[in-house]
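4 protein chains.
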Amino acid sequence: MAFPSPDLQACIDACLTCLSACETCAAACLNEPDLEMMRACIRLDRDCADLCALTARLLLRGSTLHAQAYALCAAACDACAAECAQHHHDHCQRCAEACRQCAQACRVLAA
Amino acid sequence: MAFPSPDLQACIDACLTCLSACETCAAACLNEPDLEMMRACIRLDRDCADLCALTARLLLRGSTLHAQAYALCAAACDACAAECAQHHHDHCQRCAEACRQCAQACRVLAA
Amino acid sequence: MAFPSPDLQACIDACLTCLSACETCAAACLNEPDLEMMRACIRLDRDCADLCALTARLLLRGSTLHAQAYALCAAACDACAAECAQHHHDHCQRCAEACRQCAQACRVLAA
Amino acid sequence: MAFPSPDLQACIDACLTCLSACETCAAACLNEPDLEMMRACIRLDRDCADLCALTARLLLRGSTLHAQAYALCAAACDACAAECAQHHHDHCQRCAEACRQCAQACRVLAA
């Protein structure tokens with residue numbers, strides 16, 4: 673059987689895309705005039721970026737911890753998506769979408 | 673209230689000690705004459721090092737994802753301790769002990 | 673001006689592709705029958721994966737440390753490419769190519 | 673000869689202490705009333721934390737990339753120390769001190 677499977681590869685790609693969106697969003701939030709409103713967004717972007725990076729790497733190496741990693745990554749993505757969706761900045765909206773897609777890809781694998 | 677609490681600080685310290693033991697063990701395993709026997713140990717050291725590093729950082733920053741992180745870190749430590757304990761190398765025995773203490777510290781916080 | 677620039681985006685993409693190739697190669701090497709020959713490859717895959725992940729993240733966030741990061745990432749990629757190129761395994765050959773492209777992308781930015 | 677040497681172990685310890693101080697400072701800055709003044713501090717804390725974590729791990733595993741890693745880590749620590757020293761918050765002052773000690777430990781090894 674091919675490794676990684678299509679679902680696994682889709683999840684790895686979603687994690688790396690979400691990592692990129694979260695790093696971009698955190699850095700852009702730190703430049704925004706309404707910084708006061710972006711505290712939670714920056715915090716969650718950081719956690720989500722770290723979780724997505726870790727999860728992608730665990731999946732790429734075929735780690736036996738994958739099931740728990742999906743769950744933790746999906747939780748990070750859900751929290752980040754919910755916060756980002758409340759902000760009108762383009763980087764927040766793009767990040768929310770990347771988080772939703774990553775959470776969904778993690779849940780496909782967990783199922 | 674002081675931050676971090678004694679239990680939290682103990683867990684952060686245990687994670688960083690375990691990260692160090694796992695990195696040391698993985699590198700030493702890659703130099704061992706009986707490399708053939710060390711495949712699983714190297715794999716689990718890598719995962720455990722990554723999880724300990726992540727968990728320490730999430731705890732230090734007061735992340736809202738802490739509960740799931742404890743569980744995943746404890747799972748990584750349990751798996752790594754079980755494997756390392758089977759090998760007589762000093763670095764494996766030290767790593768097994770660091771993993772057990774880290775798993776225990778994570779469970780104290782989870783309780 | 674658009675951020676990231678095309679060269680910057682190309683380097684971020686090359687880093688993430690190389691991270692994936694290095695993680696895949698390290699895990700596959702740990703499964704090879706000729707494990708004895710793969711010690712250096714596993715070591716360099718690990719370092720290169722870590723450096724590529726870090727560099728991608730520093731570039732995505734517009735870090736002021738970018739110039740030094742390019743140089744360190746290119747050095748990691750050069751070393752990993754040179755080692756991987758000596759092994760006939762598909763994962764090693766693919767990793768060597770990803771490393772070469774990432775080193776090149778880092779040098780375009782450094783220039 | 674013992675591995676790690678005293679200077680190497682001191683540098684690993686300094687990196688892990690600095691990682692902790694930077695994570696703590698970044699999280700605390702994100703809670704400060706004068707958030708507007710802390711933008712650069714948060715950015716540099718993040719970079720410095722990532723570099724200290726990476727450098728500690730490369731040193732622990734005896735990576736061949738150590739010389740370049742010292743230089744990059746020292747640069748991150750210098751930049752973070754200079755910024756943190758300008759803020760009166762306890763977490764900034766403690767972080768500045770940890771950064772100075774880590775930069776110094778990196779330079780001892782580089783010499």
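In order, the protein sequence lines correspond to chains V, F, W and A. Add 672 to a position in the first sequence, counting from 1, and you land on the number used in the working numbering. Add 672 to a position in the second sequence, counting from 1, and you land on the number used in the working numbering. Add 672 to a position in the third sequence, counting from 1, and you land on the number used in the working numbering. Add 672 to a position in the fourth sequence, counting from 1, and you land on the number used in the working numbering. Positions of the beta carbon are idealized from the N, C-alpha and C atoms, including for glycine.
Burial is judged here by how many other beta carbons sit within 10 angstroms of a residue's own beta carbon; E708(F) has fewer than 16 and is exposed. For E695(A), the nearest beta carbon of chain F is closer than 8 Å to its own beta carbon. At a cut-off of 8 Å between beta carbons, S677(F) makes no contact with chain A. For A743(V) against Q740(F), the beta-carbon gap comes to about 7 Å, under 8 Å, which counts as contact.
With its beta carbon at least 8 Å from every one in chain W, R766(V) lies outside the interface. When 8 Å is used as the limit between beta carbons, R718(F) is near no residue of chain A, the shortest such separation being about 10 Å.
For L723(A), the enclosing alpha helix (DSSP H) has its first and last residue at R711 to L732. Residue nearest to R718(F) within the set V780(F), L731(F), E704(F) and C756(F) is C756(F) (criterion: CA-CA distance). With respect to chain F, the C-beta atom of A770(V) has no partner C-beta closer than 8 Å.
By the Cβ criterion, the segment 766 to 782 of chain W is not in contact with the segment 759 to 777 of chain V, since fewer than three pairs of Cβ atoms, one from each stretch, lie closer than 8 Å. DSSP, read as helix, strand or coil, puts P678(V) in helix. At a cut-off of 8 Å between beta carbons, R779(F) makes no contact with chain V. The Cβ of L732(F) sits closer than 8 Å to at least one Cβ of chain A. Pairing L691(V) with A721(V) gives a Cβ-Cβ distance under 8 Å. Close CB contacts of L723(A) within its chain, under the 7 Å cut and outside five residues either way in sequence, are with L744, C745 and A748 (chain order).
The C-alpha of D706(F) lies about 17 Å from the C-alpha of R715(W).
For the segment 702 to 713 of chain A, the set of positions with a beta-carbon nearer than 7 Å to some beta-carbon of chain V reads L702, L707, E708 and R711 in chain order. Under the three-state reduction of DSSP, A783(A) is assigned to coil, being neither helix nor strand. The Cβ neighbour count for A699(V), taken over all protein chains shown within 10 Å, is at least 16; the residue is labelled buried. Contact annotation: A728(V) and L781(V) have beta-carbon atoms that are not nearer than 8 Å. A Cβ-Cβ distance of about 6 Å is found for the pair C764(A) and C697(A), placing them in contact under the 8 Å criterion. The residue from A712(A), E704(A) and N703(A) with its alpha-carbon nearest to that of L702(V) is A712(A). Distance from L731(W) to C683(W) at the Cβ level is roughly 6 Å; contact confirmed, criterion being Cβ atoms closer than 8 Å.
Listed along chain A are L737 and Q740, each with a C-beta nearer than 8 Å to that of A747(W).
Neighbours of R715(W) across chain F, judged by C-beta separation under 9 Å: A699 and L702.
Among the residues facing chain W, A725(V) is included, as its CB has a counterpart in that chain under 8 Å away. With a 10 Å radius around the Cβ and a threshold of 16 neighbouring Cβ atoms, A725(F) comes out buried.
Just so you know, the alpha carbons of P678(W) and C752(V) end up roughly 27 Å apart. Our two residues, A686(V) and P676(F), have alpha carbons roughly 34 Å apart in a direct line. Rounded to the nearest whole angstrom, the CA to CA distance from T736(A) to A754(W) is 14 Å. One thing to note: D750(W) has its Cβ within 8 Å of the Cβ of A775(W). Listed along the chain, the chain F residues whose CB falls inside 7 Å of the CB of L744(A) amount to none; the nearest CB is some 18 Å away. The beta carbon of M710(F) sits closer than 6 Å to those of C701 and E704, all from its chain and outside the five residues before and after it, given in chain order. With a threshold of 8 Å between beta carbons, A751(F) makes contact with chain V.
Taking C-alpha positions only, R779(W) is separated from A777(V) by approximately 34 Å.
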